[in-house]
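For reference, the structure discussed in these notes is given below.
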Amino acid sequence: MFLKRPLLLTAMLALAVTAIRSQAANSDEAPSQRPAPIFADAAADGAAAQVKAAPSAVSPFDLPASAPRPAVQANTAPWEFSAPKPAPDTPDGDPASKSREGEIDLTALRYFAGQGDLARVAAEIKRLREKHPGWEPPQDLFAQSGNSEFEKPLWDLFAQHDYDGVRAGIEAIQDKNPGWQPSSDLTDKLALAEANDKLVKASEAQQWGDVIDIAAANKMLLTCADVDAIWRTAEALAHTDDEPRALEAYRYILTSCTKRDERLATVQKASQILKSPEDLDALLRLGRRLPNGTSEFESVRFDLIRQKLGDAAAGKAGPEASQAEIDALAAHARNANDRGDQQLLGWFAYSRQDFVQAESWFAMALRSGPDPKAAEGLVLTLRGAGKIADAQRLAVQYAGLGPLNRKLMIEVLTTALNDPAATQLSPDDLVTLSQAIDLAKSSEGAQLYAWHLYNANDVAGAADWFRKSADWQQNEAAAIGLIVTARRLHNMRDYADLVAKYRDVYPKVAALDAAMGGARSIAAPRAAAQAQANSPVRLRGGGGWDKNADAIATTMQAGKVDQALAMLEERRSKGLAEPPGLTVVRGWALYQNGDWEGAKKVFAGLQAKQEQVEDAEFGLATIEHAELPAAMRR
Amino acid sequence: MIARSRLAGWFVAICLQASPIHAGTETQAWVTPQRPLASDASSNGDQGDREANAQVARMWFKAEWQIYAATFVTADGRIVDNANGNVSHSEGQGYGLLLAALADDSERFEKIWRWTEDHMMVRPDHLLSWRWDPQKGAITDPNNATDGDILVAWALAKGAQTFNRPDYRASAAVIAGAIGATLIKNSDRGLILLPAAQGFAHEDQADGPVVNLSYWVFPAFSTLKDLAPAYDWEALHANGLKLLSVGRFGPLRLPPDWLALGGQTPAPAEKFPSQFGYNAIRIPLYLAWDSAPLARHALSGFVNLWRGPRSAGPYVIDVNSGSAEQVLDGAGYRLVLALARCVSLDSPIDEQVIKSRDPLYYPDTLRMLSLAAIQERLPQCF
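Protein sequence lines correspond, in order, to chains F and V.
Here my numbering is used: the first residue of the first sequence is 430, the next is one more, and so on.
Here my numbering is used: the first residue of the second sequence is 4, the next is one more, and so on.
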């Protein structure tokens, strides 16, 4: 007795281990071997087929009471089938199992036999015979492997998915050995594999009716061992407007199958296939509780919300996220400090023009460190909210994060450049801007910067930047800029060339050229054009040179706009006549001083009097162009 | 070049071995040279690998023979079964001759044959009396044991060739002829090999004739055919394999040591334990050694009796119930089954299994025979 007790204990322990191992060896628990109850008679049929297909499989009711019973536990989980129930798992439900009760547990024996480990089989038989004197082991332990000599090559072909080869092999063996029959294990598995092939083909060809027919005729396909077949069947059902059964298929996987990745993929697939949000919710609720307290499918649920928010932010039509969903994701974004979600919520708010929320999310995302997209979002949000100075400051700060940020900085700063109402950019900002434009080879930025220089009377500088802009990418604004600067610099040859080059490309160029009287009259003799270029504002007054007028023009040319204006006012106050050429100077001085309205009046007056018409029209055209919003100047 | 220097390393390691070692602990402590594997020197090509393996296997076998001979072969050429009162039997003498011939040990071969001829060739039918007892200094059972006769005839033929001794061959032919004349019989189940001249025929046993399939020393049959062409050794060989396929029983489908052919269907012989045991364990050895494709095919029934150093068994097994009896405890039994796996499944033999030695005559002899088979025709298993 003393000796026997530990022995018995050891044996039971060994058995328990065996039971666990045999469970593991079966890859999935018992219910997984039953087909999904998608088709009406699946339950009974499947249970029968199971016995046939897997005689050596470990049935859970053969386990000793003390052994772990994962299979049974899984079956009594709260999310019990609501659909037709497969054969009950409890011994009393099965008449055959009545006689098994009290009999000998062959789990380990069958397991070792299934492994083909003769030594362990023999040891287990010995143990059982000692425990149960007179007991004789079943003679069919290796019933399936009896064929192994013939079947080995067939199984090899089977493993290579060469099912035609297996069929041919069976025939070849039968030719030589009349009366030989392949094992039912082989024929069952072969039939199933062939059916699976057909199902996959039909599914790939989107022949949904065929998929359903094949699945209904081969219900053993629809087990946890092959969730892909269930997915395909569910998809076919959904496509044929049988969503309830598609739902049942997904539900089967989630209640019966254990592989984490397959379960997750099931909800993901269902989310794409099921139309009803309630159905999907029902599936999501089948998620198991993870050790960290979250639900198994929380990530999927969040993915679905993310999808909705992302679509909404991108302006795509689709189901809208409920406030509860948004709140859930917001809580997650905050608690898990999930930058991706923080940004997503930022963009979603931005798309709703909820700049307060957007600013808060983007700022939160940026607290974890610089991020190009979050920075872009924040700058756009600030600009959208009218916080231009903040937008400019941050645009410059984040310009280095990436090409898009640099582009955005250029956009934000250049908008401010030509907006008289905006805060003046600091010299540092201007340097940063011009460097960024060069770095980004921003054609748009270059032409906007050029107009800024042009308006600041740095015509030569403007010409350089218009040139860059046109070189980087041909555009109307740069073309006009080049033409206007050439005209201002009296590079008439260039002017004529540019007009010729662009007049057919941009209608505005032709209009501009017409407005400025064309290049012909002024471009003619090269020497004259060059002389004019050397002295761009040459004014005639009365019979001789008006020295005062000349002085004003020189002052103006030196960029001393205020002084030139003062001189003009002084001259006017002295009652001196203002020759039309000097009026042109006045117009430009006012323009460059920011008094576009005043400049316009001056040029319009000249035009009305048909004096200095060219200059007047050019002035008017320039002002008109300058008054266009940046986006319309192209 | 690499292979060669490795060979040298092996040789040194083997030669450095002092006196015979039996204790398992000592085998553990043994200096373990790197075993060259086929895949090791792939640049030399498969043929080169095989050659190198074969060379090493031959040297290893010869070195082991020295240790084996020093342990079990007396100075006058008697092989001692130290588990059975130090008796000698024709089977042991046959194994000794065979191993000596394969190890190219002409001196010992001569001594063993001298002793055998002097002490065992006492029957008028030219078969060997099978049992000699040192206590009596005499034969204690004049009956023969057919496997002993076959082994001696086969070994003598090999010795004749190796040592260029036509006299050995003449003796071999005499014994082979005697086997054919006395022991090969027709039966309802085809040509059979009686286990002995007396006691196993139809008239001697209720379920007779009774045969022992481990007495079919399959790799010897082509030699026996040369020695005694008057008898149909090929048919006997083929029928042995056939009996092996029908004479398997119980849930594990194993052949018994002793098979009765007198009934409606073959059955484990009544007068013997219905076991797969110390006799039948040699069946996979002979099948592996044999070059006939059908023999290799028949091996598949034995490959799962023991599946490597971390597995249970092997066991003596009651063939009817499939129940394990005592453990077949010896390195030689394990090596035989590992060899079966190697030949049948191409699964390599664990180095420790090859190197473990046995203190007892029978398992250590099986080990030596396995090594002999490996060095002779299965170097890929080494």
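Just so it is clear, CB atoms sit at the ideal spot from N, CA and C, and this is done for glycine as well.
Quick caveat: nothing in here was measured; it's all calculated off a predicted structure.
Any non-hydrogen atom of the ligand MN within 7 Å of residue i CB
| i | result |
| --- | --- |
| A818 (chain F) | Looking for the ligand MN in the displayed structure turns up nothing, as the structure carries no ligands at all. |
Residues that residue i contacts on chain V, provided the C-beta gap is smaller than 8 Å
| i | result |
| --- | --- |
| L586 (chain F) | Per Cβ cutoff of 8 Å: no residues; L586 (chain F) is ~18 Å from chain V at best. |
Interface residues of chain V facing residue i [CB-CB closer than 9 Å]
| i | result |
| --- | --- |
| P832 (chain F) | Neighbours of P832 (chain F) on chain V: none; closest Cβ ~51 Å, over 9 Å. |
Nearest-angstrom Cα separation, counted from residue j out to residue i
| i | j | result |
| --- | --- | --- |
| G923 (chain F) | L854 (chain F) | Gly is not the amino acid found at residue 923 (chain F); the sequence shown has Asp there. Cα-Cα distance, rounded: 32 Å. |
| L2 (chain V) | D128 (chain V) | With chain V running from 4 to 385 in the structure shown, residue 2 (chain V) is simply not present. |
| R137 (chain V) | A184 (chain V) | The sequence shown places Pro at residue 137 (chain V), rather than the Arg named in the question. Their backbone Cα atoms lie some 31 Å apart in a straight line. |
| F221 (chain V) | I533 (chain F) | 42 Å |
| A1045 (chain F) | W1025 (chain F) | 13 Å |
| A199 (chain V) | G253 (chain V) | 27 Å |
| E559 (chain F) | P287 (chain V) | 29 Å |
| I702 (chain F) | L807 (chain F) | 36 Å |
| A760 (chain F) | Q826 (chain F) | 29 Å |
| A298 (chain V) | H590 (chain F) | 30 Å |
| C653 (chain F) | G716 (chain F) | 17 Å |
| A60 (chain V) | A343 (chain V) | 17 Å |
| Y592 (chain F) | I467 (chain F) | 27 Å |
| V177 (chain V) | Q267 (chain V) | 36 Å |
| R310 (chain V) | S797 (chain F) | 58 Å |
| M124 (chain V) | Y234 (chain V) | 22 Å |
| G747 (chain F) | A794 (chain F) | 26 Å |
| S277 (chain V) | P259 (chain V) | 6 Å |
8 Å Cβ cut-off: residues of chain F touching residue i
| i | result |
| --- | --- |
| L308 (chain V) | L547 and A548 |
Pair within 8 Å by beta-carbon distance, residue i and residue j
| i | j | result |
| --- | --- | --- |
| N147 (chain V) | R126 (chain V) | yes |
| I912 (chain F) | G874 (chain F) | no |
| Q429 (chain F) | K802 (chain F) | Only positions 430 to 1063 of chain F appear in this structure, which leaves residue 429 (chain F) out of reach. |
| V306 (chain V) | S373 (chain V) | no |
| L628 (chain F) | R674 (chain F) | no |
| A231 (chain V) | G180 (chain V) | yes |
| F777 (chain F) | A742 (chain F) | yes |
| N215 (chain V) | W261 (chain V) | yes |
| L738 (chain F) | S700 (chain F) | no |
| L842 (chain F) | A869 (chain F) | no |
For residue i, the first and last residue of its enclosing beta strand (DSSP E)
| i | result |
| --- | --- |
| A327 (chain V) | S326 to V330 |
| R134 (chain V) | S132 to D136 |
| Y318 (chain V) | Y318 to D321 |
| S190 (chain V) | I187 to S190 |
| I195 (chain V) | G193 to L196 |
Residue i: contacting residues in chain F (beta-carbon distance under 9 Å)
| i | result |
| --- | --- |
| G316 (chain V) | D546, L547, A548, R549, A551 and A552 |
| A158 (chain V) | Ordered by position in chain F, no residue passes the 9 Å Cβ test against A158 (chain V), which lies about 32 Å from the chain. |
Amino acids of chain V, ordered along the chain, whose beta-carbon sits closer than 7 Å to that of residue i
| i | result |
| --- | --- |
| P567 (chain F) | P254 |
| A570 (chain F) | Before going on, a small fix: residue 570 (chain F) reads as Leu here, not Ala. By Cβ distance, chain V contributes P254. |
Under the three-state DSSP convention, the category residue i falls into
| i | result |
| --- | --- |
| G744 (chain F) | coil |
| S174 (chain V) | helix |
| F75 (chain V) | helix |
| L854 (chain F) | coil |
| S871 (chain F) | coil |
| R718 (chain F) | strand |
| A270 (chain V) | strand |
| S303 (chain V) | helix |
| T662 (chain F) | helix |
| S277 (chain V) | coil |
| A962 (chain F) | In this prediction, A962 (chain F) has a pLDDT of 32, which is less than 50 and means its spatial position is unreliable; what the coordinates show is noted afterwards. Looking at A962 (chain F) - three-state DSSP - the assignment turns out to be helix. |
| D210 (chain V) | coil |
| H561 (chain F) | coil |
Cross-chain neighbours of residue i in chain F, by beta carbon under 7 Å
| i | result |
| --- | --- |
| S324 (chain V) | I554, R558, E565 and P566 |
| I115 (chain V) | Within chain F, no residue comes near I115 (chain V); the closest Cβ sits about 35 Å away, beyond 7 Å. |
| I320 (chain V) | A551 |
Residue i, enclosing alpha helix (DSSP H) - first and last residue
| i | result |
| --- | --- |
| A156 (chain V) | T149 to F166 |
| I602 (chain F) | Y592 to K605 |
| V370 (chain F) | Here chain F covers residues 430 to 1063 and nothing more, so residue 370 (chain F) does not appear. |
| L244 (chain V) | W236 to V249 |
| G829 (chain F) | Run containing G829 (chain F): none; DSSP gives neither H nor E here. |
| D926 (chain F) | M921 to Y931 |
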